[in-house]
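Per the numbering used here, the sequence shown starts with residue 19, numbered consecutively.
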Amino acid sequence: MAAALALIVSAGSTANQYLAQHVAELGYQRPVFAASANAARRMIAEKPYEMILINAPLPDELGHELALFAVQNTRAGVLMMVKVGTAEQVAQRVEQSGVLVLAKPFSGVAFRQAVHMAAASSRRLMMLQAENDKLHEKMMQLRLVSRAKCLLIETHGMTEAEAHRYIEKEAMNSRRTREQVAEEILAEGVPGG
């Protein structure tokens, strides 16, 4: 986690020092600061963060809108720190979306645990996104091969099994992937067919 990027959204310099110190101890060596929700939104659009800490309230909004924006537009773990009197109300608005809420004042131990939980949720999201990307790629490959099979069936009177064997054999003989063979079939028709 040494290269992890953290964004701290907070308007108070004393709070910034405290948060930066504790976040650095957890592996986020150079946290980036935003003093407002609008500045944070611009920064989120420019660079991926693994952790976003929101010390509410912010000068331009309470902060829950920013927290929801962050979970919808990033894979970062999002931790929102709010005064104890409003923590439950804020939690009802944001926790179902994946935002962790920590009531202020809090101990160093509670803060570290919350950051660890947010980091774990961020890693989980990244793993799920990678898995989703792989499945999406596999589906696109299957669609491509299926379209090539349909073309072989329609234009060359092959059965589905014959079209499948043809693509497999061409891939093996030419040391290409089935997808590359399918792309060739769709682009040029069947060579020598």
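C-beta: ideal position from N, C-alpha, C; glycine also. The structure displayed is predicted, hence computed values, not measured ones.
Quiz item: Taking the alpha carbon of Glu64 as the point to measure from, which residue in Val50, Pro123, Ala189 has its own alpha carbon closest?
Solution: From the listed residues Val50, Pro123, Ala189, the smallest Cα separation to Glu64 is found for Val50.
Exercise. Sort Ser31, Val100, Gly30, Glu43 by Cα distance to Ala22 and report the nearest one.
Key: Considering only alpha carbons, the answer is Glu43.
Exercise. Label Leu37 either buried or exposed according to how many other C-beta atoms from any shown protein chain fall within 10 Å of its C-beta, with 16 as the threshold for buried.
Key: With 16 or more Cβ atoms within 10 Å of its Cβ, Leu37 is classed as buried.
Self-check item: Straight-line gap, Ala57 to Arg183 (C-alpha atoms, nearest Å)
Solution: C-alpha separation (whole angstroms): 57 Å.
Practice problem: Look at Gln47 and Arg93 and say whether their C-beta atoms are less than 8 Å apart. | Solution: The answer is no: Cβ separation not under 8 Å.
Exercise. Using a threshold of 8 Å, state whether the C-beta atoms of Ala136 and Leu97 are closer than that.
Key: Taking 8 Å as the cut-off, the beta carbon of Ala136 is found closer than this to the beta carbon of Leu97.
Self-check item: Endpoints, the alpha helix (DSSP H) within which Gly103 is located
Solution: Counting along the chain, the unbroken alpha helix (DSSP H) around Gly103 starts and ends at 102-112.
Quiz item: In the DSSP assignment, what residue or residues form a beta bridge with Gly95?
Solution: Answer is Met69.
Exercise. Can you tell me which of the three DSSP states Phe87 falls into?
Key: Under the three-state reduction of DSSP output, Phe87 falls in the helix class.
Quiz item: Cβ of Lys156 within 8 Å of Cβ of Ile185?
Solution: Not a contact, by the Cβ cut-off of 8 Å.
Quiz item: Does the Cβ of Met145 have 16 or more other Cβ atoms within 10 Å, making it buried, or fewer, making it exposed?
Solution: For Met145, the number of other beta carbons within 10 angstroms of its own is below 16, and it is reported as exposed.
Quiz item: Smallest Cα separation from Ala205: which of Met61, Glu178, Leu162, Ile70?
Solution: Closest option to Ala205, Cα to Cα, is Leu162.
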